[in-house]
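Peer 1: So the sequence shown is numbered by this note's numbering: it starts at 36 and just counts up by one.
From the three backbone atoms N, C-alpha and C, an ideal C-beta is built for every residue, glycine too.
Computed from a prediction, not measured in an experiment: that's the story for all the values here.
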Amino acid sequence: MPTLPTTPIPSSAVQPTELMEPSPEILSSLITMLGNWPDLLGSDLARYIIGAGVVFLVVNWRLAGPLTARKIRKDSAGWSQIKQEILASFRTVFILSCAGLLIGTSYMMGWLHVYENPAEMGWGYFAFSVIAIILLHDTWFYWTHRLIHDPRLFRRFHRLHHKSHNPTPWTAYAFDSGEAAINALFLPLTLLILPISFLAIFVFTSHMIIRNALAHCGYEVYPANKQGTPLFDWMTTVTHHDMHHAQAGYNYGFYFTWWDRWMGTESPEYLKEFARVSPSPRRNAMQGSDL
36 MPTLPTTPIP
46 SSAVQPTELM
56 EPSPEILSSL
66 ITMLGNWPDL
76 LGSDLARYII
86 GAGVVFLVVN
96 WRLAGPLTAR
106 KIRKDSAGWS
116 QIKQEILASF
126 RTVFILSCAG
136 LLIGTSYMMG
146 WLHVYENPAE
156 MGWGYFAFSV
166 IAIILLHDTW
176 FYWTHRLIHD
186 PRLFRRFHRL
196 HHKSHNPTPW
206 TAYAFDSGEA
216 AINALFLPLT
226 LLILPISFLA
236 IFVFTSHMII
246 RNALAHCGYE
256 VYPANKQGTP
266 LFDWMTTVTH
276 HDMHHAQAGY
286 NYGFYFTWWD
296 RWMGTESPEY
306 LKEFARVSPS
316 PRRNAMQGSD
326 L
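1) Let me check understanding here. Comparing Cα to Cα, which of Phe189, Arg126 and Gly113 lies closest to Leu80?
2) Assign Gln262 to one of two classes, buried (16 or more other C-beta atoms within 10 Å of its C-beta) or exposed (fewer than that).
3) What residue ranges within the segment 218-283 form continuous alpha helix (DSSP H) runs of no fewer than 4 residues, ordered along the chain?
4) Where does Phe161 fall in DSSP's three states?
5) Using DSSP's beta-bridge definition, name the partner residues of Tyr150.
6) Quick check: Ala87 and Pro202, are their CB atoms within less than 8 Å of each other?
7) With which residues is Phe327 paired in a DSSP beta bridge?
8) Quick check on this structure: which residue in Ile166, Glu214 and Asn286 has the alpha carbon closest to the alpha carbon of Phe237?
9) So, at 8 Å on beta carbons, what are the nonlocal neighbours of Ser313 in its own chain, with the 5 sequence-adjacent residues on each side left out?
10) What span of residues does the alpha helix (DSSP H) with Leu62 cover, start to end?
11) Sort out for me which residues DSSP pairs Lys106 with in a bridge.
12) How is the alpha helix (DSSP H) around Glu301 delimited, first residue to last?
13) Between Ala99 and Ser115, what straight-line distance do the alpha-carbon atoms span, to the nearest angstrom?
14) Is DSSP giving Asn95 helix, strand or coil here?
15) Among Ser199, Arg296, Leu226 and Met270, whose alpha-carbon lies nearest the alpha-carbon of Leu147?
16) Please confirm if the segment 184-196 is in contact with the segment 231-249, defined as three or more CB-CB distances below 8 Å between the two stretches.
17) Which one of Ile130, Phe291 and Tyr150 has the shortest CA to CA distance from Ala209?
18) Report the rounded CA-to-CA distance for Ile231 versus Asp110, giving the unit in angstroms.
19) Could you tell me whether the Cβ atoms of Val93 and Ala248 are closer together than 8 Å?
20) Taking DSSP as the reference, what is the three-state secondary structure of Tyr305?
21) Looking at Trp269 and Thr300, is the spacing between their C-beta atoms short of 8 Å?
22) Taking 7 Å as the limit between beta carbons, can you name the residues of its chain near Gly213, skipping five residues before and five after?
23) Leu122: buried (16+ other C-beta within 10 angstroms of its C-beta) or exposed?
24) Flag this pair as yes or no: are the beta carbons of Leu136 and Leu229 separated by less than 8 Å?
25) Starting from the Cα of Leu224, find the closest Cα among Ser141, Met278 and Arg181 and give me that residue.
26) Apart from the five residues just before and just after Phe221, which ones in its own chain have a Cβ nearer than 7 Å to its Cβ?
27) With DSSP as the reference, label Glu120 as helix, strand or coil.
28) To which residues of the same chain is Asp277 closer than 6 Å at the C-beta, ignoring the five residues directly before and after it?
29) Roughly how many whole angstroms lie between the Cα atoms of Ala235 and Gly70?
30) For Ser124, does the count of other Cβ atoms within 10 angstroms reach 16, so buried, or fall short, so exposed?
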């Protein structure tokens with residue numbers, strides 16, 4: 036038989052109520068971050084308003100005339116849809132700020148290696164970390180996006196986003212609560228394994244909202260090559276994601292076309308549709324010579 040310990044176990048070690056109490060350090064960090072929560076909420080809201088707002092004002096308003104030939108749908112979304120998108124996005128902003136609260140508390144506890152000086156690990160690593168987190172996010176988005184298109188999950192997690200059948204830049208954050216939570220989880224989970232600077236996080240989130248708003252703007256703003264296919268074929272275009280809103284079984288990728296092509300989920304009509312709304316330089320030259 037095993038020998039039992041002769042040293043008495045402290046009573047505090049066997050009190051279930053004490054075992055369940057959070058440590059003073061965690062409580063202190065959480066209270067500090069709760070004080071900063073309005074700033075977190077404000078920064079997430081500003082990112083959405085500035086990102087979606089600038090794309091909307093520049094593309095959908097200021098350049099709507101010059102970009103008429105590049106408009107993907109004949110009709111435009113009404114103000115009632117835009118209002119609903121913005122209201123739904125406020126909830127997403129709140130959920131994202133909760134993730135920021137989790138990140139801030141974990142950072143204060145020393146659980147995450149997030150650092151202030153972007154040169155701390157060298158500028159080469161800074162560039163690597165930005166590229167890495169964008170690639171990881173594209174992978175996270177593709178697979179979670181496919182997951183919530185499962186009929187058993189779609190109604191609860193993703194239906195609201197697809198109510199914007201004709202999307203606008205304001206659609207960028209128009210999520211159900213479940214989808215918003217899935218998107219919010221990416222950053223805290225990634226920071227557990229990837230040392231990164233605050234500046235790199237800022238670059239990543241800025242890139243994210245700009246690409247997100249552009250993907251929903253309804254005008255093909257990406258250039259074509261001489262053959263009429265995307266000049267940057269490895270990047271998703273506005274047409275690529277717009278077709279997903281029109282035909283939900285295809286085009287799940289966010290930043291890049293790789294996963295859709297590897298997994299056979301890119302629409303077979305994608306390049307044809309892109310060519311329709313994004314005339315190639317050769318076609319433009321031919322049209323000019325006919326005048």
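Peer 2: Considering the structure as presented:
1) In the sequence shown, the residue the question calls residue 80 occupies position 45. Looking at the Cα atoms, Arg126 is the closest of the given residues.
2) If you number the sequence shown from 1, residue 262 lands on position 227. Label assigned to Gln262: exposed.
3) Segments of the alpha helix (DSSP H) lying fully in the segment 218-283: 233-250 and 273-281.
4) As a working mapping, residue 161 is identified with position 126 in the sequence shown. The answer is helix: DSSP assigns Phe161 an H, G or I state.
5) Here residue 150 refers to the residue found at position 115 of the sequence shown. Beta-bridge pairing links Tyr150 to Ser232.
6) Looking up residue 87 in the sequence shown gives position 52. Looking up residue 202 in the sequence shown gives position 167. No; because the gap between Cβ atoms is not below 8 Å, this pair is not in contact.
7) No answer is possible for residue 327: it lies beyond the span of the chain, which begins at 36 and ends at 326.
8) The residue given as residue 237 occupies position 202 in the sequence shown. Of the candidates Ile166, Glu214 and Asn286, the one whose C-alpha sits nearest the C-alpha of Phe237 is Ile166.
9) Residue 313 sits at position 278 when you count from the first residue of the sequence shown. The residues are Arg105, Glu255, Tyr257, Pro258, Ala259, Gly263, Pro265, Thr272 and Thr274.
10) One-based indexing of the sequence shown puts residue 62 at position 27. Residues Pro59 to Val90.
11) The residue labelled residue 106 in the question sits at position 71 within the sequence shown. Answer is Tyr254, bridged to Lys106.
12) In the sequence shown, residue 301 corresponds to position 266, counting from 1. Where Glu301 is concerned, there is no enclosing alpha helix (DSSP H), given that its DSSP letter is neither H nor E.
13) Residue mapping note: residue 99 aligns to position 64 of the sequence shown, counting from 1. Residue mapping note: residue 115 aligns to position 80 of the sequence shown, counting from 1. For Ala99 and Ser115, the distance between alpha carbons rounds to 20 Å.
14) Start at 1 with the first residue of the sequence shown, and residue 95 comes out as number 60. It is helical.
15) As a working note, residue 147 is residue 112 in the sequence shown. When only C-alpha atoms are compared, the closest one is Leu226.
16) no
17) What you label residue 209 is simply residue 174 of the sequence shown in a count that begins at 1. Minimum Cα distance to Ala209 is reached at Ile130.
18) Stepping through the sequence shown from its first residue, residue 231 is reached at position 196. Stepping through the sequence shown from its first residue, residue 110 is reached at position 75. Roughly 43 Å separates the two Cα atoms.
19) Translated into the one-based positions of the sequence shown, residue 93 becomes position 58. Translated into the one-based positions of the sequence shown, residue 248 becomes position 213. Val93 is not a Cβ neighbour of Ala248, given a cutoff of 8 Å.
20) The residue you call residue 305 lines up with position 270 of the sequence shown. Correct three-state label for Tyr305: helix.
21) Here residue 300 refers to the residue found at position 265 when the sequence shown is read from its first residue. Here residue 269 refers to the residue found at position 234 when the sequence shown is read from its first residue. The answer is no: Cβ separation not under 8 Å.
22) For the purposes of this step, residue 213 is taken as the residue at position 178 of the sequence shown. Correct list, in chain order: Arg191 and Phe192.
23) Within the sequence shown, the letter at position 87 stands for residue 122. If you draw a 10 Å sphere on the C-beta of Leu122, you find fewer than 16 other C-beta atoms in it, and that means exposed.
24) Taking the sequence shown and counting its residues from 1, one reaches residue 136 at position 101. Taking the sequence shown and counting its residues from 1, one reaches residue 229 at position 194. In terms of Cβ geometry, Leu136 and Leu229 do not form a close pair [threshold 8 Å].
25) Here residue 224 refers to the residue found at position 189 when the sequence shown is read from its first residue. For Leu224, the closest C-alpha among the options Ser141, Met278 and Arg181 is that of Ser141.
26) Taking the first residue of the sequence shown as position 1, residue 221 is located at position 186. These residues qualify, in order along the chain: His172 and Trp175.
27) Within the sequence shown, numbered from 1, the residue matching residue 120 stands at position 85. It is helical.
28) Numbered from its first residue, the sequence shown carries residue 277 at position 242. Excluding residues within five positions, the ones whose Cβ falls inside 6 Å are Ile107.
29) For this step, residue 235 is matched to residue 200 along the sequence shown. For this step, residue 70 is matched to residue 35 along the sequence shown. Looking at the two C-alpha atoms, the distance is approximately 24 Å.
30) Here residue 124 refers to the residue found at position 89 when the sequence shown is read from its first residue. The residue in question, Ser124, is buried, as its Cβ has 16 or more Cβ neighbours within 10 Å.
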